[in-house]
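Q: One structure coming up, written as structure tokens, with questions to follow.
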Amino acid sequence: MMLTKGNSSRFSFLHRRLPFSVNQQRLLSNDSTSTSSSNNTTGEDRTMAVVLRGPSTLYTSLHRPSPSLMMMPGLRSLPVWTSYDAKSKTNRIAYQDPSVNKIVQHLQAHVEEIRDEYLSASPSLDSDYDETSRGEHSESSLHTGKWDWHSYLLQGRVQPDFCLHFPNTTRILGELQQDIFMGTPFGFCFFSKLTAQSTIQAHTSPINFRLRLHLPLVVPSDGGDIGIRVGPTQHKWTANQALVLDDSYEHEVWNNTNEDRILLLVDIWHPDVRMQEREEIINMFQHAKEKGWLDGDKEQKKTKDGALRSEHFLI
Numbered sequence: 438m439m440l441t442k443g444n445s446s447r448f449s450f451l452h453r454r455l456p457f458s459v460n461q462q463r464l465l466s467n468d469s470t471s472t473s474s475s476n477n478t479t480g481e482d483r484t485m486a487v488v489l490r491g492p493s494t495l496y497t498s499l500h501r502p503s504p505s506l507m508m509m510p511g512l513r514s515l516p517v518w519t520s521y522d523a524k525s526k527t528n529r530i531a532y533q534d535p536s537v538n539k540i541v542q543h544l545q546a547h548v549e550e551i552r553d554e555y556l557s558a559s560p561s562l563d564s565d566y567d568e569t570s571r572g573e574h575s576e577s578s579l580h581t582g583k584w585d586w587h588s589y590l591l592q593g594r595v596q597p598d599f600c601l602h603f604p605n606t607t608r609i610l611g612e613l614q615q616d617i618f619m620g621t622p623f624g625f626c627f628f629s630k631l632t633a634q635s636t637i638q639a640h641t642s643p644i645n646f647r648l649r650l651h652l653p654l655v656v657p658s659d660g661g662d663i664g665i666r667v668g669p670t671q672h673k674w675t676a677n678q679a680l681v682l683d684d685s686y687e688h689e690v691w692n693n694t695n696e697d698r699i700l701l702l703v704d705i706w707h708p709d710v711r712m713q714e715r716e717e718i719i720n721m722f723q724h725a726k727e728k729g730w731l732d733g734d735k736e737q738k739k740t741k742d743g744a745l746r747s748e749h750f751l752i
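For the sequence shown, our numbering assigns the number 438 to the initial residue and increments by one for each residue that follows.
Structure follows, in structure tokens:
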């Protein structure tokens with residue numbers, strides 16, 4: 438499903454990307470006159486959304502992007518965007534994409550500094566992962582065992598406590614300010630510790646216009662039963678070598694070893710989303726927040742069957 442706010446030219450880029458005909462669009466509005474005014478060129482702000490449906494929303498046995506909430510068409514798509522060659526000790530980037538390569542190289546260049554700071558500061562801190570909160574990672578059935586977070590970015594917002602306890606990592610991430618997925622309810626960046634004998638069940642992200650980067654800091658030394666499946670393929674983490682995945686593909690994680698796995702998880706903008714488009718997406722979510730459309734509690738009361746869960750817009 439793709440939602441756009443009607444009548445505002447700043448959302449026209451979503452329409453330009455769509456290969457679907459007008460007959461495949463359904464107009465939703467809280468104003469009965471909205472449909473007739475959809476061609477209005479005065480720039481008047483209307484409270485409406487366009488829901489566009491196409492083949493990308495179908496469910497099949499094939500592995501392909503399946504975001505649970507929102508799809509942006511026209512983006513290059515691969516389950517995993519990196520491939521580490523142990524022989525040459527190089528981390529190859531899909532499409533030789535310069536934007537993804539810049540981010541990978543930057544974080545890998547600082548991996549020792551990031552790891553040292555985490556190992557020094559984290560033992561005295563409590564995890565900020567709250568599975569009772571409402572959001573895309575909040576379902577209690579999502580994981581077994583223990584999953585600890587220390588968050589730099591939670592639902593698109595920088596966390597002051599992280600900046601206080603991890604100043605060096607904060608500086609390193611700050612140098613990627615334009616690339617980190619800030620300003621939306623679906624932007625996350627955190628130290629992720631999946632403890633021994635823990636799993637994260639198969640799931641998909643709400644959206645397809647971000648990529649998720651794993652920077653492995655501590656990987657079980659015995660190389661046992663640990664890994665991640667993204668789409669049809671399984672991967673193991675290599676310490677210090679970034680793994681970039683498209684988490685709109687179904688993916689799952691397991692650590693069936695006796696050691697913890699620790700990484701820095703960083704959500705980044707999909708490189709095909711242009712700077713102007715990023716600004717418009719952030720503005721779209723900000724507009725929705727101002728209208729009260731992102732108030733999960735309010736929307737839950739309106740829904741008799743309680744169907745709104747973690748896939749709903751939440752800030």
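Beta carbons are placed, not taken as given, at the ideal position from N, Cα and C, and that holds for glycine.
Here's a check: name, in chain order, each residue in its chain whose Cβ is nearer than 6 Å to the Cβ of Ser520, leaving out the five neighbours to either side.
A: Cβ neighbours of Ser520 beyond the five flanking positions: Arg529.
Q: Count the other C-beta atoms from every protein chain shown that fall within 10 angstroms of the C-beta of Gln671, then say buried if there are 16 or more, exposed otherwise.
A: Counting Cβ neighbours within 10 Å, Gln671 comes out exposed, since fewer than 16 surround it.
Q: Within 10 angstroms of the Cβ of Thr641, are there 16 or more other Cβ atoms? Answer buried if so, exposed if not.
A: So Thr641 ends up on the buried side.
Q: Keeping to the same chain, check which residues put their C-beta closer than 6 Å to that of Asp684; ignore five residues upstream and five downstream.
A: Closer than 6 Å at Cβ, skipping near neighbours: Ser642, Arg649.
Q: Note down, one range per segment and in chain order, each beta strand (DSSP E) of at least 3 residues found wholly within the stretch 602-638.
A: Counting whole runs of 3 or more residues, the stretch 602-638 contains the beta strand (DSSP E) stretches 626-631.
Q: For the stretch 719-731 and the stretch 658-672, state whether three or more C-beta atom pairs, one from each stretch, are separated by less than 8 Å.
A: Short answer: they don't touch.
Q: Are Tyr555 and Leu702 close, meaning C-beta to C-beta below 9 Å?
A: Going by C-beta atoms, Tyr555 is not nearer than 9 Å to Leu702.
Q: According to the Cβ coordinates, are Leu700 and Ser629 closer than 9 Å?
A: Going by C-beta atoms, Leu700 is nearer than 9 Å to Ser629.
Q: What's the C-alpha gap between Pro502 and Val517?
A: About 12 Å.
Q: How long is the line joining the alpha carbons of Pro597 and Ser588, rounded to whole angstroms?
A: Answer to the nearest angstrom: the Cα atoms are 10 Å apart.
Q: At the level of alpha carbons, what is the spacing between Asp709 and His543?
A: Cα-Cα distance, rounded: 20 Å.
Q: Should Phe625 and Gln592 be called a contact, given that it needs their Cβ atoms to be closer than 9 Å?
A: For Phe625 and Gln592, yes; Cβs fall inside 9 Å.
Q: Would you decide whether Asp704 is buried or exposed? Buried here means 16 or more other CB atoms lie within 10 Å of its CB.
A: The residue is buried, with at least 16 neighbouring Cβ atoms inside 10 Å.
Q: Please work out which residues of its chain come closer than 8 Å, Cβ to Cβ, to Ile551, disregarding the five sequence neighbours upstream and downstream, and give them in chain order.
A: Around Ile551: Leu544, Asn605, Thr606, Ile609, Leu652, Leu654, Leu701.
Q: I'd like to confirm the pairing. Which residues does DSSP put opposite Asp388 in its beta bridges?
A: With the chain represented from 438 up to 752, any question about residue 388 goes unanswered, as that position is not in the structure.
Q: May I have a chain-ordered list of the alpha helix (DSSP H) segments no shorter than 4 residues that lie completely inside the stretch 680-730?
A: With a minimum length of 4 residues, the continuous alpha helix (DSSP H) runs that stay inside the stretch 680-730 are 712-728.
Q: Between the Cα of Gln723 and the Cα atoms of Lys524, Gly620, Asp697, His688, which residue gives the shortest distance?
A: Comparing Cα-Cα distances from Gln723 to each of Lys524, Gly620, Asp697, His688, the minimum goes to Gly620.
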